[in-house]
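Notes follow once the structure below has been shown.
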Amino acid sequence: MRTTRFFQGLSLTTFSMGVFNTLRGNKTSVLEEQINKHETKYQELNNKYTSLLENNLNKLETEREIIEESNNLKKDVEVLEQKLRNSVEIKRELQTKYSESSGDTSINEKIQEVVNTDEEIHNMYESVNNKFDSFINKINTLLNNSDNKSQYFDSLQSFFDGLNYEQNLAIVHISGSMFILFSLISIISIFYGEKLIIFFDLENRFPKIAKFIQIRRKFQQYYFLINIGLIIIVLTIIIYINIIEFMSNMK
């Protein structure tokens with residue numbers, strides 16, 4: 001079932017991009033199309049590296065969790081810096097008092113305070129360092145995921161850019177037909193899957209999966225309507241594309 005949905009999604013994505021490129025190509029001549037492709041590729045190459053940092057910042061700004069963690073990390077660093085300053089001041093004060101009077105009882109208290117402060121600073125430094133490493137990993141993960149998605153669509157669009165108008169039109173029909181085929185397989189699996197469940201009495205023979213079977217029954221009508229609706233939409237688009245192509249060849 002998951003494999004069928006994967007191929008449905010893949011064929012629908014290809015179909016959508018094919019429709020877009022076909023409609024776009026129908027409005028321009030072959031020469032204008034080639035010029036626009038070269039200009040677009042040059043512009044994308046020119047802007048890709050100059051806008052990389054800005055694009056990454058925009059991605060990060062949309063992640064509220066990243067922003068909150070960044071603010072918390074900044075506060076921890078500020079507290080750590082303040083503790084370091086206090087420790088330095090205490091040490092200076094201790095050195096001054098020790099040079100003035102080695103018998104002052106407050107010196108021992110200050111020594112203990114310095115020891116406690118140094119230990120607290122060390123523990124806090126380890127905590128901040130771990131938080132910082134975790135923060136960096138989250139940013140890298142976010143950027144890698146965004147880049148992977150972007151690379152997928154860029155490569156797919158690059159593939160369509162290399163096709164002429166007739167090839168784009170063929171892709172529309174192939175991907176649309178594949179989507180309809182996988183949708184029909186999904187519909188068949190919905191109804192015949194239920195018949196197999198009843199025939200083998202799986203609900204009673206395997207009580208552990210009975211709940212899953214009941215949930216499946218609730219959603220099978222929903223999946224059926226979705227697949228039928230998508231098939232109608234895809235067929236309508238294919239008919240519309242062919243009408244446009246037919247009318248353009250009559251002129």
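This note's numbering numbers the first residue of the sequence shown as 1 and each following residue consecutively.
Ideal placement from N, C-alpha and C gives every residue a C-beta, glycine not left out.
Everything numeric in this text was worked out from a predicted model, so none of it was measured.
Helix, strand or coil at residue i according to DSSP, with G and I counted as helix
i, result
"Asn164", "coil"
"Ser206", "Checking the sequence, you will find Phe at residue 206 rather than Ser. If DSSP states are grouped into helix, strand and coil, Phe206 belongs with coil."
"Asp76", "helix"
"His38", "Because the pLDDT of His38 is 43, which lies under 50, any placement of that residue in the model is unreliable, and the question is left without a value."
"Phe200", "coil"
"Ile232", "helix"
Cβ distance (whole Å) where residue i is taken to contact residue j below 8 Å
i, j, result
"Tyr223", "Ser186", "7 Å"
"Met178", "Ser11", "4 Å"
"Gln220", "Glu194", "7 Å"
"Val234", "Ile180", "6 Å"
"Ile238", "Val172", "7 Å"
Counted within 10 angstroms of its Cβ, other Cβ atoms place residue i as buried (16 or more) or exposed
i, result
"Ile241", "buried"
"Phe206", "exposed"
"Ser175", "buried"
"Phe266", "Within the shown structure, residues of the chain are numbered from 1 to 251, placing residue 266 beyond reach of any answer."
"Val79", "exposed"
"Asn168", "buried"
"Ile243", "exposed"
"Asn227", "buried"
"Thr14", "buried"
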